[in-house]
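These notes are about the structure you will find just below.
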């Protein structure tokens, strides 16, 4: 804390010169620390005026905007400004600004949107923005997918790759129980529920590998695998493993895998069964945005 | 402003008195406390008695015991340091996150989780945006689903069994703070945790009567026991979903 000495005593370095006020023309505060004194300069003019202006501004603000709480209400301000009224105005403005395009998107069939270059480029731009916010965390920023979340660039579709199919998937989700029209169909848990034992699972997994021409273990009994497959799997995945989009059973005869192509991954799938879950978007996104998303996904490269 | 005795004179006497604060740290401290309290009281107290601060809304219910347990974990792990739960009535936020947050939506939150920092996105309406599986993957290791994520991993949540031995006490305290937990709700807390974390059974109907529209689900769990991740996910999945904005009247609640 400050330490007071009645008068600066001349030290060897002579920094505390009693004639300092005379030199600078400004008085001192009278404080002195180890012989160092403090000049008493006034605050700069510009600073002081800015400060006063802020006070005046604040008082004006009280009158113009909602400010002071009262007993049962609050002062509403001369402007009558309300954040919730303002957002209505802002959103209405935004809607009006886009309405030209969004009403066209809403009124046009998906196929016709894709034929119209102007609509297509708007839909792709809107779709790509909505994809980044809502879909990328699962399907990846480039829609390349992750384990369990399908790649949307390729032409291998679990639930159908026509633009209409994609729109249905987006609207109602996949196995999303809160939506009564959601896409549904789950694979039984062959291992966990004891339908097949471990050896049988390994045998049928070898057969599944062979369907897409992947290498199988030397001693694999493909004939036994085929029998097991016909009895347990063909109903959903098809006799030749071509899959079934009605129930979301993937094609097992191509080289595109949702959960991985090694034997362990396939055995795990057969053991656990189940199916991936995607939320329904019809409660979160408006009709035009969902259509734009469908067009965007459809035109990524693999659309049918 | 601090003119001093060296330039003494009648017109500076007020400033001279101010030196009492400038030269005495205890007085200064007390002075600061008084000023901040006035500011705080004027801003905070009216929110308790002004009826117009909380809009009347259908659907907002207290958290279920499982969700409440999840909320405790949310607070314990400090998720609020990076995530806000407050969508402001600004165009860009409404565009990205959905309808702006209503006061009623956090009226049973003690303390509220509005937060003030967004290292990650606002999650006031994250409920229903992702699947449970996604949340599980994301909590275990955010990089497994969002490669550029800087969110920390929370792998212990899915291996730690959920401790619900105090959940009824939490509810009792919240009831004192004004959350409408009934005696029945508090008494069935432990069994409600199990009911919500299991597939449908005979207890599901009374549970849903206590907590309308709560989502029950078969949760993964560790050896049949619910984990901390199950509770946290149940909490996350209801965020922002209680009010049906198809029925909510914006115009009636402009204030």
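Residue numbers (this note's numbering), protein chains in the order written: chain V, 487 to 790; chain D, 2 to 256.
Quick reminder that beta carbons are idealized off the backbone N, C-alpha and C, glycines included.
Does the beta carbon of residue i come closer than 8 Å to any beta carbon on chain V?
i	result
residue 250 (chain D)	no
residue 236 (chain D)	no
residue 115 (chain D)	no
residue 134 (chain D)	yes
residue 101 (chain D)	yes
residue 130 (chain D)	yes
residue 255 (chain D)	yes
residue 21 (chain D)	no
residue 174 (chain D)	no
residue 11 (chain D)	A caution first: residue 11 (chain D) carries a pLDDT of 48, below 50, which makes its placement in the model unreliable, though a value can still be read off. No, residue 11 (chain D) does not count as interfacial toward chain V.
residue 243 (chain D)	no
Assuming residue i contacts residue j (C-beta within less than 8 Å), just tell me the rounded distance between them.
i	j	result
residue 623 (chain V)	residue 147 (chain D)	5 Å
residue 67 (chain D)	residue 194 (chain D)	5 Å
residue 169 (chain D)	residue 190 (chain D)	4 Å
residue 133 (chain D)	residue 197 (chain D)	At roughly 13 Å, the Cβ-Cβ gap does not stay under 8 Å, so residue 133 (chain D) and residue 197 (chain D) are not in contact.
residue 234 (chain D)	residue 84 (chain D)	Rounded, the Cβ-Cβ distance is 15 Å, inconsistent with contact.
residue 71 (chain D)	residue 232 (chain D)	4 Å
residue 739 (chain V)	residue 612 (chain V)	With 8 Å as the limit, residue 739 (chain V) and residue 612 (chain V) do not qualify as a contact, their Cβ atoms being about 36 Å apart.
residue 617 (chain V)	residue 587 (chain V)	Rounded, the Cβ-Cβ distance is 18 Å, inconsistent with contact.
residue 619 (chain V)	residue 97 (chain D)	6 Å
residue 171 (chain D)	residue 240 (chain D)	Not a contact, Cβ separation roughly 18 Å.
residue 53 (chain D)	residue 559 (chain V)	7 Å
residue 570 (chain V)	residue 99 (chain D)	Not a contact, Cβ separation roughly 15 Å.
residue 576 (chain V)	residue 218 (chain D)	With 8 Å as the limit, residue 576 (chain V) and residue 218 (chain D) do not qualify as a contact, their Cβ atoms being about 38 Å apart.
residue 596 (chain V)	residue 653 (chain V)	7 Å
Does residue i have its Cβ less than 8 Å from a Cβ in chain D?
i	result
residue 570 (chain V)	yes
residue 504 (chain V)	Confidence in residue 504 (chain V) is poor, its pLDDT being 49 and thus under 50, which makes the residue's placement unreliable; the coordinate value appears in the next sentence. It does not: the Cβ of residue 504 (chain V) has no partner Cβ on chain D nearer than 8 Å.
residue 774 (chain V)	no
residue 490 (chain V)	Residue placement at residue 490 (chain V) is poorly supported in this model, since its pLDDT is 45, which falls under 50; the coordinates are not used for a value here.
Pull up the DSSP beta-bridge partners for residue i, would you.
i	result
residue 660 (chain V)	V:669, V:764
residue 560 (chain V)	V:555
residue 539 (chain V)	Paired residue(s): none; residue 539 (chain V) is not in a bridge.
residue 730 (chain V)	V:735
residue 519 (chain V)	V:522
residue 514 (chain V)	V:525
Name, please, each residue of chain V whose Cβ falls closer than 8 Å to the Cβ of residue i.
i	result
residue 90 (chain D)	569, 570, 572, 573
residue 146 (chain D)	623, 624, 632, 635
In chain D, what lies closer than 9 Å to residue i by C-beta?
i	result
residue 560 (chain V)	47, 51, 53
residue 770 (chain V)	99, 126, 129, 130
residue 577 (chain V)	92, 95, 96
What does residue i reach in chain D if we use C-beta pairs closer than 7 Å?
i	result
residue 580 (chain V)	92
At a CB-CB cut-off below 8 Å, which residues of chain D make contact with residue i?
i	result
residue 765 (chain V)	129, 130, 131, 132
residue 619 (chain V)	97
Please compile the residues from chain V whose C-beta is within a distance smaller than 9 Å of the C-beta of residue i.
i	result
residue 43 (chain D)	554, 555
- Segments of 4+ residues assigned as alpha helix (DSSP H) that fall wholly inside the segment 583-661 of chain V: For the alpha helix (DSSP H) assignment, the uninterrupted runs of no fewer than 4 residues enclosed by the segment 583-661 of chain V are, from N- to C-terminal side, 596-601, 603-620, 622-625, 649-658.
- In chain order, each alpha helix (DSSP H) run of at least 4 residues that lies wholly inside the segment 133-184 of chain D: If we require 4 residues or more, the alpha helix (DSSP H) runs fully inside the segment 133-184 of chain D come out as 133-141, 168-177.
- Which full runs of the alpha helix (DSSP H) of 4+ residues lie inside the segment 58-108 of chain D, going along the chain? Runs of alpha helix (DSSP H) with 4 or more residues, each lying fully within the segment 58-108 of chain D, are found at 66-77, 92-98, listed in chain order.
- Note down, one range per segment and in chain order, each beta strand (DSSP E) of at least 3 residues found wholly within the segment 669-722 of chain V. Counting only runs of 3 or more, we get nothing.
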